[in-house]
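Going by the working numbering, the first residue of the sequence shown is number 8, and it counts up by one from there. Here the structure is laid out as structure tokens; the discussion comes afterwards.
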Amino acid sequence: WIAQTGDSESWRQWENGKCAIPDRVVEQLLAMRQQRKKHLHAIIEKINNRIGNNTMRFFPDLTAFQRVYPDGNFIDWKIYQSVAAELYAHDLERLC
């Protein structure tokens, strides 16, 4: 999804430092990090302002996620799940 090559060997080479990570991959990862931070901070702000019931949906698969977020893709789903898991781990959200 990120490298768009389907080649796990490239990932291994990037991770062990044998090859440089392509700029487009670095840019994609930085954009994903920013998207995650934005989502996380928006939910924390709602918690701090007591908006909502502090319950966040946890989607078991991409299909379930896309029923609620039809324009969402695999990466959007993974970022959403990552935020949900972090908030749950810090006892800031319940999952349903």
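Ideal Cβ positions, reconstructed from N, Cα and C, are used throughout, including at glycine. Predicted model, so just to flag it, every value in this text is computed and none were measured.
Looking at residue j and residue i, is the spacing between their C-beta atoms short of 8 Å?
i: V90; j: R57; result: no
i: Y87; j: H48; result: no
i: C103; j: R40; result: no
i: L94; j: F81; result: no
Between which two residues does the alpha helix (DSSP H) harbouring residue i extend?
i: Y95; result: F81 to A96
i: R31; result: D30 to N55
i: E22; result: S15 to E22
i: A71; result: L69 to V75
Given that a residue counts as buried once 16 or more other Cβ atoms are within 10 Å of its Cβ, and exposed if not, what is residue i?
i: E100; result: buried
i: L36; result: exposed
Only counting the same chain, and skipping five residues up and downstream in sequence, which positions put a Cβ closer than 6 Å to that of residue i?
i: F72; result: F66, G79 and W84
Apart from the five residues just before and just after residue i, which ones in its own chain have a Cβ nearer than 8 Å to its Cβ?
i: N61; result: I54, L99, E100 and R101
Counting Cβ pairs, one atom from each stretch, are 3 or more of them under 8 Å apart for the region 42-59 and the region 10-25?
no
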